[in-house]
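Listed in order, the protein sequences are those of chains A and B.
Under full-length UniProt numbering, the first residue of the first sequence is numbered 1, with each subsequent residue one higher.
Under full-length UniProt numbering, the first residue of the second sequence is numbered 1, with each subsequent residue one higher.
Where is the CB? At the ideal position from N, CA and C, for every residue including glycine.
Some notes on the structure that comes next.
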Amino acid sequence: MDWKSTEQASMERHAPNHSSFSSIPATENTVWADASPLLETVCKELRDGELIHGDNFNLYAAMSALEIMDPKMDSGIINKYASVDEAIEDGLAPVPISIDKTVDVQCIIDIIDHLLSCEATWHKGSLVGTDCFFMRLPLTTIVSDARTHEEEDLFTMSYGLPLNVEGDEKCLSLLNAVEENISRQLRACKAPLSKRKPLEDIEPLQTNFDLEEGYCKALLCRLRFRKHFCHVLTCMRRPQGRGLELARKHIASCISELGSILNSAEFLMFNAYGTCEDGTEDRTTASGRQAIGFDANLNSRISAPTPPRSIKILSWKKAIKVHLQLLLVQDGKLYGRYPILAVIIRAARLTEVIMRHDILKNEYFVQLGQIVINMLKILCTNAAWQRRKLGKILQDWRAIYSQLELAFRKESGEGSSISNGENASAGILKHILIWVEEQTHWIAHRFLVLGFELELYSPSEYCMVYWYLSAVLIRLAEKKHLKMTVSDGSAKQKGKKRKDSPKDLAREARIPPAISFLQCQICLAEGLALLLAALRNELIVLQSPSPFNSEHERFLQHFELLQKACIPDLISYPSFKESTSCARISSVVMYNYFKDAQKIAKEVKSSFLNDPDRSAELRILEQVAEHNSVALNVISRAGALDPSLKVSFEFIHHPYFATVVVKRS
Amino acid sequence: MEQVQEKQRTEEFDASEIEYVIYGGEHHLPLIMNLVDQELSEPYSIFTYRYFVYLWPQLSFMAFHKGKCVGTVVCKMGDHRDSKFRGYIAMLVVIKPYRGRGIATELVTRSIQVMMESGCEEVTLEAEVTNKGALALYGRLGFIRAKRLFRYYLNGVDAFRLKLLFPQPEELHPFLPMMADRDDTQNHDDHSPREEFLLKSILFSEVVCKFSSLV
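In structure tokens:
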């Protein structure tokens, strides 16, 4: 079959009829041709069940393919307008929006609010699937840096919109001019009639005098927020963190203006013109009205190749949060000011005089800095993405530990003995090694507990997770305590030699509060692991075996990344089985971990009075421990095989330490 | 891809009346497409169906009751990025009146069986986080929730990536030999689980003392 001649013949027979295809005109390089005869011929040639399959037509291509005129997939079929220009010509976004100035102002405020919500949604990790006729967003590059997206979503394409990255200065001068004008209008409406001079007779913002002050204030705080926000971004782009102090002031102003924006909601809702959206929680405007000039379907013909996803636009407040993340690491420095190595030195409890030491110029310290920056950025992202990345970076932390350990051995071997303090390099490396181990275990602990927040564990897996978590927490506490003891020891050695008083000795023997905090968590994790094991061993909680694999495979899968990085070492499925196979309710009652956790929480409470977050968590840990202790006694008294007993594990107090709930059916 | 949702009104039938059939050709394709189009919200082009059933006909099954197609499963398998030979469950549907009677479990089990026999190391799929039925079904078969995918579906719902790892031949239950040795070894088996944990907790303070003496 000569396809080319058939095609040409069909084009000649059916000259383009422009009136049939009026909505999308042909260009200089394109022409409309009727392909119906060609398709008919092809269909006659192919038999039922025959498939033309190209090697590069993979699953992605298959999923991206459309069936035209099927509304489920062909989003263009339901469009009224083919382009932004067509919609504007049809009056979808008139300027002014209304001849009634009050309505016009209300609608403009709605547009500003909706744009802020779209921006917040974009930063939070969704595609901005709506078109904005009035948008000027000098923020495109910031989105790329924000790292809030699933990788496949990060396409900053404007789809026909003039997103003007270069026009920031013009934007700022416009904002200043409008702000000045509205400030005058506000002053004018607040001045008593008697005191108004002819020169100050300024045209009001809108026609309803009683509402003038409210609308002026509502507009002003929004304009000022946008102005300060632009200034923040400009300041942060200045090299070597020079704009940091000024950026901080602008951020404070942003936050203050956000407060004013929130306060304006009541006034705007009360005076809303037209119908409001149902469900105030989802509203994207203060007034509750839908903003004019936005259409999710408009550019769907030229949007991403997959069918459009639904976007839940967030409320206004979230935008500032993501931009604050940008402050965290700028130009390889924390807050653009503190070199990351200095931060590490301080965290490892070394004195900053060490910064001048030559060993810090080594390649592995540079790498360590990069790894830490990477971790900080990951911690700013959404939980699902964060957990995946934390699991992956464990290998990097292990690798850098190995390098530092090699260097430490080399330094210790070459130099004089450590105890007389002459081998400073070895001393620095030892501190850093302990700190790296502590951080690695902290990352592992965060990886595990995020699994609870993301609901990645089924109840039948809680036992192994709590067991693994307790092992990681034990190592974390060990490393943290070691870090504290080693640095206290170094400090003491440098101080004047004097006889230790009994008080000093007693202080040294006390466990630091931060370690006790971890011990409380360890007790809870151990208690939960053993209780779950006991319930399973005594058939209180039945688990039917899977036909395709066993608990061993599930253990390997859940902890694969930690096992690869040997965190913690000597932990395996066999050791888990060994630790838990003999667990019984009676033994769990006898060695009551929950009571220990309660006791520790009570003892250490007073040490965290100045730390509200830790205090709050300690209270919750105590609550969980108390509940679980009581539940344990109930289960023990009821007897192992009481069929009316229903035991469940619910996260009603703490996000990852479950509360044991006992019910009688 | 998508999995079946909760049951509503039921049809009375005996399990033995359900006939399970492997994909047999073009005549089965419209049955599969109609079921999936009817029950699942994500739109699939005909190319998507053909991609699966033409390349892996041995992995697609249908359930018939008195000549009517009431359920189907569509899968694929192949080498994955990290060179693991992996099966993938793309679509699973059972029409509402027939749900809750194990038909979906049977369909999936048959596919997984073929995957296992074909040498797959693991099987994977995505399911909505709200789809309790699917999550329970796959959980019973040994799948774990490996990842959470933020706003994966068109309707904005998150998804879990579910994974089933088959036992690897060289790692067949190393625990068992240790069980056999339990009676022989005396050192670590003397301690209760509580003592095991206590020992680990006490150990770190010993380590601390050792290190501080070195400084």
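Around the Cβ of residue i, are there at least 16 other Cβ atoms within 10 angstroms (buried) or fewer (exposed)?
| i | result |
| --- | --- |
| A:C566 | exposed |
| B:N131 | buried |
| A:G639 | exposed |
| A:L46 | exposed |
| A:L570 | exposed |
| A:Y60 | exposed |
| A:S117 | buried |
| A:Q519 | buried |
| A:C43 | exposed |
| A:T659 | buried |
| B:N34 | exposed |
| A:T440 | buried |
| A:K361 | exposed |
| A:Q386 | buried |
Which residue from the options puts its Cα closest to that of residue i?
| i | options | result |
| --- | --- | --- |
| A:K430 | A:F447, A:L561, A:D596, A:E411 | A:E411 |
| A:L233 | A:H250, A:K217, A:L223 | A:H250 |
| A:F517 | A:Y466, A:L262, A:H481 | A:H481 |
| A:S607 | A:A631, A:A583, A:A533, A:I511 | A:I511 |
| B:E19 | B:A136, B:A63, B:A127 | B:A63 |
| A:F548 | B:R50, B:A134, B:Q3, B:V114 | B:V114 |
| A:I24 | A:R536, A:A35, A:E86 | A:E86 |
| B:F150 | A:P574, A:T381, A:F270 | A:T381 |
| A:L632 | A:D488, A:I97, A:V588 | A:V588 |
| A:Y462 | A:S648, A:R238, A:G91 | A:S648 |
| A:Y591 | A:I393, A:I371, A:S636 | A:S636 |
| A:T207 | A:E553, A:K101, A:I522, A:L645 | A:K101 |
| A:A272 | A:C107, A:L246, A:L115 | A:C107 |
So, for residue i: in the same chain, excluding its five sequence neighbours on each side, which residues have a beta-carbon less than 7 Å away from its beta-carbon?
| i | result |
| --- | --- |
| A:Q598 | E622, A625, E626, S629 |
| A:R364 | For the record, residue 364 of chain A in the displayed sequence is Tyr; it is not Arg. I400, Q403, L404, A407. |
| A:E438 | L476, K479, K480, K483 |
| A:M157 | Annotation note: pLDDT 42 at A:M157 (below 50); position unreliable, coordinate value reported separately. Cβ within range, chain order: n/a, list empty. |
Kindly list the residues whose CB is nearer than 6 Å to the CB of residue i, restricted to its own chain and excluding five residues on each side of it in sequence; keep chain order.
| i | result |
| --- | --- |
| B:E11 | P97, Y98 |
| B:I95 | V70 |
| B:M77 | G87, M115, C120 |
| B:Y138 | L162 |
Cβ of residue i less than 8 Å from any chain B Cβ?
| i | result |
| --- | --- |
| A:Q290 | no |
| A:A548 | With the sequence shown as reference, residue 548 of chain A is identified as Phe, and Ala is not the correct amino acid for it. Yes - at least one Cβ of chain B is within 8 Å of the one on A:F548. |
| A:Q557 | yes |
| A:A63 | In the sequence on display, residue 63 of chain A carries Met and not Ala. Yes, because at least one Cβ of chain B sits closer than 8 Å to the Cβ of A:M63. |
| A:E553 | yes |
| A:K59 | The residue you asked about is not Lys; residue 59 of chain A is Leu in the sequence shown. So, interface residue. |
If you measure between the beta carbons of residue i and residue j, is that distance less than 8 Å?
| i | j | result |
| --- | --- | --- |
| A:E455 | A:A383 | no |
| A:I109 | A:L268 | yes |
| residue 675 of chain A | A:R475 | Here chain A has residues from 1 to 665 only, and residue 675 of chain A is not among them. |
| A:L223 | A:V105 | no |
| A:I345 | A:W397 | no |
| B:Y88 | B:V53 | no |
| A:S470 | A:E551 | no |
| B:L165 | A:Q563 | no |
| B:T124 | B:R161 | yes |
| A:F576 | A:F555 | yes |
| B:A127 | B:L135 | yes |
| A:D113 | A:T285 | yes |
| A:C216 | A:I261 | no |
| A:T580 | A:L530 | yes |
Any beta carbon from chain A within less than 8 Å of residue i's own beta carbon?
| i | result |
| --- | --- |
| B:P167 | yes |
| B:V114 | no |
| B:I46 | yes |
| B:E26 | yes |
| B:K163 | yes |
| B:T130 | no |
| B:K84 | no |
Within the same chain, show all residues whose beta-carbon is closer than 8 Å to that of residue i, passing over the 5 residues directly before and after it, in chain order.
| i | result |
| --- | --- |
| A:C254 | F225, H228, F229, V232, I320 |
| A:H653 | I620, Q623, V624, H627, T659 |
| A:D210 | none |
| A:D48 | none |
Kindly examine the ligand SAM and report whether one of its heavy atoms sits closer than 7 Å to the Cβ of residue i.
| i | result |
| --- | --- |
| A:M269 | Among the components of this structure there are no ligands whatsoever, and the ligand SAM is therefore not found. |
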